[in-house]
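Just so it is clear: in the first sequence, position 159 is 159 by my numbering, and no numbers are missing.
Quick notes on the structure that follows.
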Amino acid sequence: MPIFALVDCNNFYASCEKLFDPRLAGVPVVVLSNNDGCVVARSAEVKALGIPMGVPWFRIREQARRHGIVAFSSNYALYADMSNRVVEVLAQFSPDIEVYSIDESFLDVSGFEGTGLAEYGRQIRERVQRWLGLTVCVGIAPTKTLAKLANHCAKKNLAGAAGVCDFTIMPPADLDALLTRIDVGEVWGVGRKLTPRLQAMGIGTVRDLRDADAETLRSRFSVVLERTLRELRGTSCLALEEVVPDKQQIICSRSFGERVHDLEALQEAVASYLSRAAEKLRQQGSLAGALTVYIRTSPFNPSEPRYQKAVTVPLPEATADSRLLARWGRRILKQIYRPGFAYQKAGVMLSDIRPRLRNQLSLFSSSRATRANGRLMQALDQINARWGRGTLRLAAEGLDKEWQMKRGHLSPGYTTEWAGLPTVKAR
DNA sequence: CTATAACTCTCAA
DNA sequence: CTAACGTTGAGAGTTATAG
Numbered sequence: 001m002p003i004f005a006l007v008d009c010n011n012f013y014a015s016c017e018k019l020f021d022p023r024l025a026g027v028p029v030v031v032l033s034n035n036d037g038c039v040v041a042r043s044a045e046v047k048a049l050g051i052p053m054g055v056p057w058f059r060i061r062e063q064a065r066r067h068g069i070v071a072f073s074s075n076y077a078l079y080a081d082m083s084n085r086v087v088e089v090l091a092q093f094s095p096d097i098e099v100y101s102i103d104e105s106f107l108d109v110s111g112f113e114g115t116g117l118a119e120y121g122r123q124i125r126e127r128v129q130r131w132l133g134l135t136v137c138v139g140i141a142p143t144k145t146l147a148k149l150a151n152h153c154a155k156k157n158l159a160g161a162a163g164v165c166d167f168t169i170m171p172p173a174d175l176d177a178l179l180t181r182i183d184v185g186e187v188w189g190v191g192r193k194l195t196p197r198l199q200a201m202g203i204g205t206v207r208d209l210r211d212a213d214a215e216t217l218r219s220r221f222s223v224v225l226e227r228t229l230r231e232l233r234g235t236s237c238l239a240l241e242e243v244v245p246d247k248q249q250i251i252c253s254r255s256f257g258e259r260v261h262d263l264e265a266l267q268e269a270v271a272s273y274l275s276r277a278a279e280k281l282r283q284q285g286s287l288a289g290a291l292t293v294y295i296r297t298s299p300f301n302p303s304e305p306r307y308q309k310a311v312t313v314p315l316p317e318a319t320a321d322s323r324l325l326a327r328w329g330r331r332i333l334k335q336i337y338r339p340g341f342a343y344q345k346a347g348v349m350l351s352d353i354r355p356r357l358r359n360q361l362s363l364f365s366s367s368r369a370t371r372a373n374g375r376l377m378q379a380l381d382q383i384n385a386r387w388g389r390g391t392l393r394l395a396a397e398g399l400d401k402e403w404q405m406k407r408g409h410l411s412p413g414y415t416t417e418w419a420g421l422p423t424v425k426a427r
């Protein structure tokens with residue numbers, strides 16, 4: 001029988017930004033999505049102000065100014081670096097770890113019951129706090145779904161959790177009472193659409209869901225929800241996934257900093273995104289058999305003429321060559337582009353992905369040429385790994401990239417750039 | 001008609 | 001000055017299509 005601990009960093013992106021600037025202690029901090037579009041992370045002070053997750057930045061800008069909120073553009077290099085450090089610490093507590101997202105990991109802690117799992121959870125919390133200055137909460141339970149829920153309780157300080165909540169030793173009556181106080185929408189897998197549908201059936205709390213009729217839910221909804229139900233009842237249906245499988249599709253898309261009108265700028269963007277996507281593809285040692293390119297105008301502004309189009313082409317031969325993919329991308333974009341629109345976003349998707357080894361060659365392919373191209377891409381990747389992404393790139397990507405996303409509030413690369421090292425000023 | 005492909009919907013962080 | 005609203009990936013279910 002597994003026992004899962006879900007360890008989740010509090011306000012992760014905002015906490016990372018605060019970490020390197022002591023003046024931000026007690027200051028409300030938000031982190032913005034790409035293009036400085038929406039609020040994607042809020043410090044405790046911001047949550048206390050009632051600012052909702054996901055709100056467009058421009059809509060709260062005035063309010064933010066009044067409250068002295070400090071905003072940061074998202075700095076994924078920083079967050080990924082801190083995330084790796086957290087995982088290193090967590091790995092000391094269990095050999096079985098699933099890195100579920102940038103700020104969450106599941107640990108299998110069965111076998112560590114000795115001093116009590118809650119105590120173990122407190123040690124985890126303590127060590128991450130001491131070594132990295134980041135606060136985590138720990139939820140412990142016999143299934144992943146319940147561990148998620150226990151983590152929620154730890155965060156909200158329900159049942160006197162204080163950062164750690166262990167369902168495995170909770171008396172059933174206490175657990176029932178607790179689950180009665182939590183909205184069904186908090187359950188992992190119950191989202192925006194499912195919540196109101198369940199509520200309409202009289203299922204408003206986690207306890208209602210747990211005690212609902214499995215057969216009815218199966219027929220009215222899906223096997224996914226039935227699985228959730230079993231997990232809530234304590235039967236583990238979701239295993240710890242320690243090895244990350246290869247991606248089946250690789251997407252790269254961005255909103256532009258300013259609207260883009262002309263084809264050539266779009267071509268640069270598509271070539272750039274394809275370079276990035278192909279790099280990811282090569283990293284996992286795969287080839288793509290199909291390529292999608294799409295462009296669209298803003299879906300939000302009702303006064304702008306709308307247009308969106310996506311086209312997928314199967315490639316005659318699967319490839320991971322940036323130049324070949326860029327050439328195909330160019331052809332597709334030329335085909336879907338319509339002049340006279342204010343484009344807001346473009347994107348590419350690589351699909352029909354397969355391992356590079358034992359790839360089926362086409363009748364007319366030259367394996368010698370393929371190998372040479374492979375070596376070229378390898379050299380390109382090595383140079384960019386050594387000297388930084390974008391050191392060597394396709395001419396088609398353009399030089400000025402005036403379509404690039406906005407990042408007006410970027411913090412220094414505290415842990416990733418020499419120039420970003422915090423300095424102490426003499427006084 | 002069946003098997004599969006293609007597309008849509010939902011969810012998550 | 002004004003207008004301005006993220007990205008990536010998976011899986012299930014549904015619909016379209018080919019043979």
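We put the beta carbon where it would ideally sit given N, CA and C, even for glycine.
query	result
How many Å lie between Leu6 and Leu392 at the Cα?	40 angstroms
I'd like to know if the stretch 328 to 346 and the stretch 263 to 274 are in contact, where contact means that at least 3 CB-CB pairs between them fall below 8 angstroms.	yes
Indicate the three-state DSSP secondary structure (helix, strand or coil) for Glu392 in the structure shown.	The residue you asked about is not Glu; residue 392 is Leu in the sequence shown. The answer is coil: DSSP assigns Leu392 none of H, G, I, E or B.
Are there 16 or more other CB atoms within 10 angstroms of the CB of His152, so buried, or fewer, so exposed?	buried
Closest to Thr415 by CA distance: which of Thr319, Ser83, Tyr100 is it?	Ser83
Between the C-alpha atoms of Thr297 and Leu350, what's the straight-line distance to the nearest angstrom?	22 angstroms
Using a 10 Å radius around the Cβ and a threshold of 16 neighbouring Cβ atoms, would you call Arg427 buried or exposed?	Residue placement at Arg427 cannot be trusted, given a pLDDT of 46 that sits under 50; what the coordinates show is reported in the next sentence. So Arg427 ends up on the exposed side.
Hey, out of Leu325, Ala161, Gly111, whose CA is closest to Ala278's CA?	Leu325
Taking DSSP as the reference, what is the three-state secondary structure of Gln344?	strand
Name the residue from Glu113, Gly116, Cys137 whose alpha carbon lies nearest to the alpha carbon of Phe106.	Cys137
Return the chain-ordered ranges of every alpha helix (DSSP H) run that is complete within the stretch 103 to 171 and spans a minimum of 4 residues.	117 to 132, 144 to 156
What is the rounded straight-line gap between the Cα of Asp246 and the Cα of Gln283?	10 angstroms
With distances taken Cα to Cα, identify the nearest neighbour of Leu175 among Ile336, Arg233, Pro339, Val40.	Arg233
From which residue to which residue does the beta strand (DSSP E) around Ser286 run?	286 to 297
Per DSSP, what kind of secondary structure is Val244 in: helix, strand or coil?	coil
Taking the straight line between their C-alpha atoms, what separation do you get for Ser255 and Glu317?	30 angstroms
Note down, in chain order, each residue of its chain lying with its Cβ closer than 6 angstroms to the Cβ of Ser411, except the 5 sequence neighbours on either side.	Glu17, Phe72, Asn75
Where do the ends of the beta strand (DSSP E) carrying Tyr100 lie?	97 to 101
I'd like the list of long-range same chain contacts for His409, defined as Cβ closer than 6 angstroms, with 5 residues on each side in sequence excluded.	Ala71, Phe72, Ser73
Rounded to whole angstroms, what's the CA-CA distance from Thr143 to Ile169? Just pull it up for me.	14 angstroms
Residues in its own chain within less than 7 angstroms of Leu217 by CB, not counting five upstream and five downstream?	Leu225, Glu226, Leu229
Quick one, which of Leu178, Ala214, Ile251, Ala310 has its alpha-carbon nearest Val206's?	Leu178
Just the Cα atoms here: how many angstroms apart are Ile60 and Leu32?	12 angstroms
For the pair the stretch 380 to 400 and the stretch 46 to 65, tell me if three or more CB-CB distances fall below 8 angstroms.	no
Need the endpoints of the beta strand (DSSP E) that Cys252 sits in, please.	250 to 260
Output the boundary residues of the alpha helix (DSSP H) element that contains Glu196.	In the sequence under discussion, the amino acid at residue 196 is Pro, which differs from the Glu named in the question. Run containing Pro196: 194 to 200, per the alpha helix (DSSP H) assignment.
Is it buried or exposed, Lys334, if we count other Cβ atoms within 10 angstroms and call 16 or more buried?	exposed
Name, in chain order, the residues that DSSP records as bridge partners for Thr319.	Ala288
So, helix, strand or coil for Arg427, using DSSP?	Residue confidence is low: Arg427 scores 46 on pLDDT, short of 50, so the model does not pin down where it sits. Its coordinate-derived value is still stated next. Residue state, collapsed to three classes: coil.
Starting from Phe58 and walking both ways along the alpha helix (DSSP H), at which residues does that stretch end?	57 to 67
Can you have a look at Val29 and say buried or exposed, based on whether 16 or more other CB atoms are within 10 angstroms of its CB?	buried
Contact between the stretch 7 to 27 and the stretch 116 to 136: three or more CB pairs below 8 angstroms?	yes
How is Ala25 classed by DSSP in three states: helix, strand or coil?	coil
CB-CB under 6 angstroms to Ser15, same chain, minus the five flanking residues each way: which ones, in chain order?	Leu134
Classify Trp57: buried if its beta carbon has 16 or more other beta carbons within 10 angstroms, exposed otherwise.	buried
So, helix, strand or coil for Met377, using DSSP?	helix
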